[in-house]
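To start, the structure under review is shown below, and the notes come after it.
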Amino acid sequence: AADGVGEAVSAADGVGEVTSAAAGAADVTSGTAAAAALTPDSAATLTDGIEYIPLPPVPFAGGVDPSTLTALGEPSLASLGLAGYSPVGLVQMALESIHVYLDLPWYGSIALATIILRLLLFPVVIIAQRNAAKLANVSPQMQVLQLKMTEARQAGDQLQVARYTNELVLFMKEKNVNPIKSMLVPLAQAPVFISMFVGLRRCATLPVMSMATGGALWFTDLTVADPYYLLPVMTSITMYLTIQLGTEVGRMQAAGETARIMFTVMRFMPIIFFPFMINFPAAVLCYWFTTNIMSLSQAMILKVPVIRDFFNIPVLVKHNPDNLPMTKEQNKKSTVQAAKDAWKNFQVTRQLQDRQRYDEVRFAKAGTAPIVRTYKYDPTITSKTKAKRNSIISTKATIKQ
Numbered sequence: 003a004a005d006g007v008g009e010a011v012s013a014a015d016g017v018g019e020v021t022s023a024a025a026g027a028a029d030v031t032s033g034t035a036a037a038a039a040l041t042p043d044s045a046a047t048l049t050d051g052i053e054y055i056p057l058p059p060v061p062f063a064g065g066v067d068p069s070t071l072t073a074l075g076e077p078s079l080a081s082l083g084l085a086g087y088s089p090v091g092l093v094q095m096a097l098e099s100i101h102v103y104l105d106l107p108w109y110g111s112i113a114l115a116t117i118i119l120r121l122l123l124f125p126v127v128i129i130a131q132r133n134a135a136k137l138a139n140v141s142p143q144m145q146v147l148q149l150k151m152t153e154a155r156q157a158g159d160q161l162q163v164a165r166y167t168n169e170l171v172l173f174m175k176e177k178n179v180n181p182i183k184s185m186l187v188p189l190a191q192a193p194v195f196i197s198m199f200v201g202l203r204r205c206a207t208l209p210v211m212s213m214a215t216g217g218a219l220w221f222t223d224l225t226v227a228d229p230y231y232l233l234p235v236m237t238s239i240t241m242y243l244t245i246q247l248g249t250e251v252g253r254m255q256a257a258g259e260t261a262r263i264m265f266t267v268m269r270f271m272p273i274i275f276f277p278f279m280i281n282f283p284a285a286v287l288c289y290w291f292t293t294n295i296m297s298l299s300q301a302m303i304l305k306v307p308v309i310r311d312f313f314n315i316p317v318l319v320k321h322n323p324d325n326l327p328m329t330k331e332q333n334k335k336s337t338v339q340a341a342k343d344a345w346k347n348f349q350v351t352r353q354l355q356d357r358q359r360y361d362e363v364r365f366a367k368a369g370t371a372p373i374v375r376t377y378k379y380d381p382t383i384t385s386k387t388k389a390k391r392n393s394i395i396s397t398k399a400t401i402k403q
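Quick note: the sequence shown, position 38, residue 40 per my numbering, numbers continuous.
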């Protein structure tokens, strides 16, 4: 009996499957018939308003877009948000080009880029050296005029100040010298230094991962500070030597307490910057050290007489300190006393300028503003009142008579 019941159930399942199959066949038949009944116009009507659905993107191998890789297989700086068209970005672009196309490590690319930039600025150095030599050679005559101008300014004699200033300008024009030309090198190097400094620091702080292995010797990771402080020490020493060589000519061509204080402060700049250098990335100090080496090399090369003759740089004349009035006077003063004198000279100059500005304002108001009352009462009105009173008294006296 049980077997009979099971066979009956199996037979019922078979009937259900046949029924489902028949229903499926009916659906397919109806779908085919509906599809056959569709015309091009009706099909276009059904797809109206449906946008194109693109295929899902296929992920890149390793998650990196091959189009953003350089020839070395590294992500380009542009793909990391660097190497734009600002001065900083152009410097980063140049560094990356040297690194990729010359297949140099990052420290070599930084050093080579620094050498190229300094060579491009070398003509400016030659112009500044010529002007510095000319200024140093005519410094005795200039110091005489500058000393007279300082004394006239301290005495408050504007006429003499203008006279000696005019004589100094004519003298410099005659000798073809200009103190502003001595600032050409700092003015030209400042934008380059700032762009390289900021560009390398941004690459290190992002960081550019290839820079983590782009160093050498003990500073293999250019994205972090030098753990042994050797790069900061080397940079500070070369900076001091560069300043010392640069101030040798500067002391000869400059005069005045302000120049003396400036040269004294410059000697302490390596010590002042050292606490900051120890926290800079190695990439920044690699550039800074290289540019200091270039400055030292240029200063040493331009001391050779043959090279100076080749670049038409005048020979420096060694003057007797007794013939330099301002230098002789400064040697008698300490640095503190020189600073006090410079501050006093600055105050006197500012007072004279304020007085001159006040006189100009008063003169301008005198022609447009109303007349300023400088008396307690109007003498005209008082005279009329007295005359009227006197006339009344005289009239009364006449009537009495």
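Yeah, the Cβ is synthetic: ideal placement off N, Cα and C, and Gly gets one too.
| Asked | Found |
| --- | --- |
| Let's test the definition: count the other Cβ atoms within 10 Å of the Cβ of serine 88 and tell me whether it reaches 16, buried, or not, exposed. | exposed |
| Grouping DSSP H, G and I as helix and E and B as strand, with all else coil, what is methionine 95? | helix |
| Use the C-beta contact count for leucine 57: other C-beta atoms within 10 angstroms, 16 or more gives buried, fewer gives exposed. | exposed |
| Quick one, are the C-beta atoms of isoleucine 112 and tyrosine 289 less than 7 Å apart? | yes |
| Taking the C-alpha atoms as reference points, what is the distance between alanine 285 and phenylalanine 173? | 47 Å |
| Looking at the unbroken alpha helix (DSSP H) that takes in aspartate 223, where does it start and where does it end? | Looking at the DSSP string, aspartate 223 is not in any alpha helix (DSSP H), and its letter there is neither H nor E. |
| Compare the C-alpha of arginine 203 against each of Ala164, Thr225 and Leu114 and name the closest. | Thr225 |
| Per the DSSP calculation, leucine 71 is bridged to which residue(s)? | Pro77 |
| Run through DSSP, which three-state label would alanine 85 get? | coil |
| Output yes or no for whether 7 Å exceeds the beta carbon distance between leucine 287 and threonine 237. | yes |
| Any idea what DSSP makes of alanine 371, helix, strand or coil? | coil |
| Using C-beta distances below 6 Å, list every residue in its chain close to tyrosine 242, excluding the 5 sequence neighbours before and after it, in chain order. | Pro272 |
| Alpha carbon to alpha carbon, how far is proline 283 from methionine 211? | 14 Å |
| Can you tell me where the alpha helix (DSSP H) holding asparagine 133 begins and where it ends? | 124-139 |
| Tell me which residues share the same chain as valine 187 and place their Cβ nearer than 7 Å to its Cβ, disregarding the 5 neighbours each side in the sequence. | Val126, Val127 and Ala130 |
| Can leucine 97 and alanine 115 be called in contact, C-beta distance under 7 Å? | yes |
| Residues in the same chain with beta-carbon distance under 7 Å from isoleucine 100, minus the five sequence neighbours each way, listed in chain order, please. | Leu106, Ser111, Leu114 and Ala115 |
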